[in-house]
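K.L.:
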Amino acid sequence: MTAQGICTLSEAWEMASTRPSTYLSLPTCEGLKLGAPADFVFFRKQGGHIQIRKTIKAGAVVYTSKDEVAPCEYGVDCRG
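With UniProt numbering as the guide, the letters of the sequence shown map in order to residues 1 to 80.
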């Protein structure tokens, strides 16, 4: 949708994340709060495409891309 100029990345992300819960009358959180459920998707926009790097659902990592950089000791990044 963003590549076709239909909407911005921010608008597309909102359509795919918070808007469905509103349409389905599901409870939504008002931001990040201690103890509140939270799911995260880490992504990188590269060359007009979005690359999903990692997905965390209910506190557990459920997906990590094969080229995700893992932090090592002393602030040095290592391929893991």
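Note that the Cβ used here is the ideal one computed from N, Cα and C, for glycine as well. In this text the structure is predicted, and so the values were computed from the model without any measurement.
With a 10 Å radius around its C-beta and 16 neighbouring C-beta atoms as the bar for buried, classify G80 as buried or exposed.
P.N.:
Here G80 scores only 48 on pLDDT, less than 50, and its place in the model should not be relied on; the value that follows carries that caveat. Label assigned to G80: exposed.
K.L.:
Starting from the C-beta of T2, find all residues in its chain whose C-beta is less than 6 Å away, skip the five residues before and the five after it, and write them out in chain order.
P.N.:
Excluding sequence neighbours, T2 sits near L9, A12.
K.L.:
In the DSSP assignment, what are the bridge partners of Q51?
P.N.:
According to DSSP, which records beta bridges pairwise, Q51 is partnered with R44.
K.L.:
Distance check for G5 and L48, CA to CA, integer angstroms please.
P.N.:
Sequence inspection shows Gly at residue 48; the Leu mentioned does not correspond to that position. Roughly 11 Å between the two C-alpha positions.
K.L.:
Do F40 and I56 come within 8 Å of each other at the CB atom, strictly closer than that value?
P.N.:
Contact: yes.
K.L.:
Please state the DSSP three-state secondary structure of T22.
P.N.:
Reduced to three states, the DSSP call for T22 is helix.
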